[in-house]
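Residue numbers (my numbering): 269 to 506.
C-beta atoms are modelled at their ideal positions from N, C-alpha and C, and glycine is treated no differently.
Here the structure is laid out as structure tokens; the discussion comes afterwards.
Structure representation (structure tokens):
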């Protein structure tokens with residue numbers, strides 16, 4: 269008798285936000301801008317919603333790619349993913365800081381990170397495997413790329429950042445939408461979370477912040493070496 273064994277896998281975790289409350293968004297926007305005029309508020313909210321749908325599209329593609337990796341190579345490159353939307357005040361603060369036109373068009377033409385996905389991989393090689401397979405899809409177009417793994421920031425921050433364009437199918441047709449994808453290892457993500465807390469979420473004495481910042485920079489280099497060695501062990505065992 270032929271026995272068919274079906275392996276049921278625990279799904280990779282994809283954290284998604286509940287994205288948009290239009291009335292709350294309009295209130296936030298008017299409080300932020302005060303007496304200044306913003307052109308085409310409804311158009312901006314529509315675009316904000318479109319960006320959220322774009323993140324969902326890319327998230328689904330990445331889930332499918334991870335599942336296919338497991339099926340073909342018995343390995344899940346993705347540990348977990350997090351989708352996020354830039355808060356509306358942050359969008360307009362960036363527009364103001366960069367000197368862009370305060371309009372829906374100004375945002376569409378210049379701000380590419382309204383919607384984002386953080387992809388946390390198990391190993392360093394997985395970062396580039398995920399990028400390669402995502403960009404091989406015929407409906408995905410690369411807009412921007414910054415490799416902070418091969419060229420770390422001064423702080424020690426490491427991550428691969430890409431902005432892709434993905435088609436979103438809506439009731440009024442297809443619209444190509446930018447989504448930022450940050451890809452990094454578990455170790456890089458742990459480091460980045462602590463460094464972000466140190467720089468932006470603490471009220472510690474500035475001298476202490478500088479001290480720990482210097483320590484974290486050294487730890488980033490150590491983590492990089494450890495992850496390379498662990499990856500080597502993984503390859504030897506595979």
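Around the beta carbon of residue 442, a 10 Å sphere encloses fewer than 16 other beta carbons of the protein chains shown; the residue is thus reported as exposed.
When DSSP states are grouped into helix, strand and coil, residue 498 belongs to the helix group. Its Cα nearest to that of residue 331, the residue 345 stands out among 345, 503, 321 and 429.
Cβ-Cβ separation between residue 426 and residue 456: approximately 5 Å, consistent with a contact (criterion under 8 Å). Distance from the CA of residue 348 to the CA of residue 453, rounded to the nearest whole angstrom, comes to 10 Å. Along the region 313 to 367, the beta strand (DSSP E) occurs as fully enclosed runs of 3 or more residues at 346 to 353, listed in sequence order.
Collapsing the DSSP output to three states places residue 406 in coil. Considered as a whole, the region 383 to 467 harbours 392 to 403 as its complete alpha helix (DSSP H) runs of no fewer than 4 residues, in chain order. Under a 10 Å Cβ-count criterion, residue 483 is classified as exposed, with fewer than 16 other Cβ atoms of the shown protein chains found around its own Cβ. Within the same chain, 337 come within 7 Å of residue 343 by CB-CB distance, once the 5 residues on both sides are set aside.
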